[in-house]
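Residue numbers (the numbering used here): 4 to 235.
To start, the structure under review is shown below, and the notes come after it.
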């Protein structure tokens with residue numbers, strides 16, 4: 004399918020569709036459908052479909068594998084159809100946050116931030132609140148998409164990027180919270196992404212007010228529209 008047509012549609016609301024634009028730019032997403040009514044992308048590493056559309060959703064969904072199980076919906080009106088057509092039963096509503104400045108936030112630390120190694124897999128599995136999928140976490144660490152804050156060999160906290168490119172998996176150990184470690188980790192990751200020419204953005208689960216406050220403190224732009232992960 005035509006990338007040019009996809010970009011034309013997605014750029015009409017660049018902030019809302021930044022994840023899809025970033026996926027196209029990086030080559031991690033491929034165009035399945037692109038027209039003046041919407042765009043459908045497939046994220047190859049995460050086996051997920053990303054949709055942004057304003058009409059003719061049935062026409063778009065006809066291009067989706069019938070066994071699809073994970074969707075990112077950028078509009079609400081077709082979520083009931085997604086659930087019915089693909090037998091999905093879970094919806095995770097999120098705020099979308101985008102870092103729009105050319106330079107990452109400044110931070111100072113008395114600890115080191117470096118890539119996380121597989122030695123810390125069990126620690127992440129035992130402490131991260133939202134994902135318990137061992138294979139997924141293991142793959143993100145092995146592919147060098149996760150970073151940790153270390154004081155010596157002690158892990159103070161960690162962060163990473165998800166399959167689709169969103170910043171996330173941020174966790175600070177309870178005994179080290181309220182010390183600015185979460186801020187430093189995300190500021191560090193923003194700089195990594197900017198250096199790579201990627202768009203720093205995050206999807207914040209709507210009831211995670213602590214994370215939402217952090218995004219605002221970092222200077223992230225919070226969209227009024229919410230997006231939804233729909234899956235089984």
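Using N, Cα and C, we set each Cβ at its ideal position, and we do this for glycine too.
This structure is a prediction, so every number in the text was calculated from the model and none was measured.
Could you check if residue i is buried or exposed, using at least 16 other CB atoms within 10 Å of its CB as the buried criterion?
i: residue 46; result: buried
i: residue 90; result: exposed
i: residue 212; result: exposed
i: residue 151; result: buried
i: residue 22; result: buried
i: residue 60; result: buried
Specify the secondary structure class of residue i as computed by DSSP and reduced to three states.
i: residue 227; result: strand
i: residue 51; result: strand
i: residue 28; result: helix
i: residue 201; result: coil
i: residue 98; result: strand
Check whether the Cβ atoms of residue i and residue j lie closer than 8 angstroms to each other.
i: residue 176; j: residue 163; result: no
i: residue 119; j: residue 144; result: yes
i: residue 193; j: residue 99; result: no
i: residue 25; j: residue 41; result: no
i: residue 116; j: residue 53; result: no
i: residue 171; j: residue 29; result: no
i: residue 223; j: residue 101; result: yes
i: residue 48; j: residue 138; result: no
i: residue 79; j: residue 86; result: no
i: residue 63; j: residue 43; result: yes
Strictly under 8 angstroms for the Cβ-Cβ distance: is residue i near chain C by that measure?
i: residue 148; result: Absent from the structure: chain C. Only one protein chain is present.
Assuming residue i contacts residue j (C-beta within less than 8 angstroms), just tell me the rounded distance between them.
i: residue 233; j: residue 82; result: 6 angstroms
i: residue 65; j: residue 37; result: About 14 angstroms separates the two Cβ atoms, so there is no contact after all.
i: residue 124; j: residue 141; result: 6 angstroms
i: residue 97; j: residue 225; result: That pair is no contact at about 11 angstroms.
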